[in-house]
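Asks: Sequences listed follow chains D and W, in order.
Residue numbers for the first sequence follow the working numbering, so the first one is 1 and each next one is one higher.
Residue numbers for the second sequence follow the working numbering, so the first one is 115 and each next one is one higher.
Sharing a structure below in structure tokens format, with a few things to ask.
There are 2 protein chains.
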Amino acid sequence: MIPAEQGAFRALADPTRRQILHHLSGGDMTIAQVSDQFDMTRGAVKKHLTILQEGRLISVHTQGRERLNRLEPMALKSAAGWFDHFSQFWDSKLSTLKTVIETDMKTQKENNND
Amino acid sequence: MIPAEQGAFRALADPTRRQILHHLSGGDMTIAQVSDQFDMTRGAVKKHLTILQEGRLISVHTQGRERLNRLEPMALKSAAGWFDHFSQFWDSKLSTLKTVIETDMKTQKENNND
DNA sequence: CCTTTATGATACCTTTTGGTATTACTAATA
DNA sequence: TATTAGTAATACCAAAAGGTATCATAAAGG
Chain D
1 MIPAEQGAFR
11 ALADPTRRQI
21 LHHLSGGDMT
31 IAQVSDQFDM
41 TRGAVKKHLT
51 ILQEGRLISV
61 HTQGRERLNR
71 LEPMALKSAA
81 GWFDHFSQFW
91 DSKLSTLKTV
101 IETDMKTQKE
111 NNND
Chain W
115 MIPAEQGAFR
125 ALADPTRRQI
135 LHHLSGGDMT
145 IAQVSDQFDM
155 TRGAVKKHLT
165 ILQEGRLISV
175 HTQGRERLNR
185 LEPMALKSAA
195 GWFDHFSQFW
205 DSKLSTLKTV
215 IETDMKTQKE
225 NNND
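What follows is the structure, given as structure tokens:
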């Protein structure tokens, strides 16, 4: 089986799929609605949606004869978390503050070491 | 020309390339050193490094007859920034705090609206 | 200069990807 | 039940990805 991280990064590699996620952030959409946003056939869009589903980035919910595609934000959060390891290399100050926040959210006390 | 964002996401789609970035976060490495970490030929590793370079995720610095591959954290930061638009959907509280931090870093005053 | 070591470049192969076109299935509805 | 709208599934194609093997190039060292 494909690891979750790999499925997500694979899905994010295509610009059309990243755009689809943006569209879905405005609300659930059927394939037809998504297809209207792109200059390609429904078949092609369907394949993209399938890959997004395999990466757990979206889920599908049947409603009558329609099938609504829904953004799955937590999967995106997981993917975004991959970058955390590198954040120390691009901004030590923000990194420190972020640590403070997470600590604060859990322990509700202030730890400020600079 | 390939847009920066697309080059980065394309490069990140492959698990070997993500691992390479992790290795490089420990310091610059030659192709031979990177290749030692994987069970594949130098030719294959070279291709991965080229794609990482095209995505601006690494840079190469010639030193004698060696060529050191170096992590480019700012490009990774840009890629990570893509996820920002979606953060509002996975954690409104952290999102609020993050806004507070950024505001604080720029204006040095506290805005706390819950 | 010749050898060794580190790397780059190219040809070639197989699998995956991204797309179209076509056909089949399913559910609301006249 | 016949029709129609919304999807799913499949066959097919061209191009890109990921890999190996091989040859070319460049620099350090005897």
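The C-beta atom is built at its ideal place from N, Cα and C for all residues, glycine as well.
For a contact defined as C-beta to C-beta under 7 Å, what are the partners of W:L163 on chain D?
Replies: Chain D residues near W:L163: none, gap ~17 Å exceeds 7 Å.
Asks: Could you give the distance in angstroms between the alpha-carbon of W:K160 and the alpha-carbon of D:T16?
Replies: 28 Å
Asks: Does the Cβ of W:I83 have 16 or more other Cβ atoms within 10 Å, making it buried, or fewer, making it exposed?
Replies: A question about residue 83 of chain W goes unanswered here, because the residues of chain W that appear run from 115 up to 228.
Asks: How would you label W:E186, buried or exposed, when you count the other beta carbons within 10 angstroms and need 16 or more for buried?
Replies: Counting every other CB atom within 10 Å of its CB across the protein chains shown gives W:E186 a total of 16 or more, marking it as buried.
Asks: Which of helix, strand or coil does DSSP assign to W:T130?
Replies: helix
Asks: Can you give me the C-alpha to C-alpha distance between D:F38 and W:I145, rounded to a whole angstrom?
Replies: 41 Å
Asks: Would you mind working out which of W:H136, W:G121, W:L182 and W:A122 sits nearest D:H85, comparing C-alpha positions?
Replies: W:H136
Asks: Count the other C-beta atoms from every protein chain shown that fall within 10 angstroms of the C-beta of W:I116, then say buried if there are 16 or more, exposed otherwise.
Replies: It counts as exposed.
Asks: Taking 8 Å as the cut-off, decide whether the C-beta atoms of W:R179 and W:A122 are in contact.
Replies: Note that the C-beta distance between W:R179 and W:A122 is not below 8 Å.
Asks: Check the Cβ of W:R124 against every Cβ in chain D and list those closer than 8 Å, keeping chain order.
Replies: A13
Asks: Check whether the Cβ of W:Q167 lies closer than 8 Å to any Cβ atom in chain D.
Replies: no
Asks: Comparing the C-beta of W:M188 with each C-beta of chain D, is any distance below 8 Å?
Replies: yes
Asks: If we define contact as Cβ-Cβ less than 8 Å, is D:L46 a contact residue for chain W?
Replies: The displayed chain sequence assigns Lys, not Leu, to residue 46 of chain D. By this cut-off, D:K46 is not an interface position.
Asks: Please determine, among W:M188, W:T155 and W:Q177, the residue with the shortest C-alpha to C-alpha distance to D:W90.
Replies: Ranking the options by Cα distance to D:W90, first place goes to W:M188.
Asks: Under a Cβ-count criterion, where at least 16 other Cβ atoms within 10 Å of its own Cβ denotes burial, should W:H175 be classed as buried or exposed?
Replies: exposed
Asks: Under the DSSP definition of a beta bridge, which residues are partnered with D:Q63?
Replies: Beta-bridge pairing links D:Q63 to D:E66.
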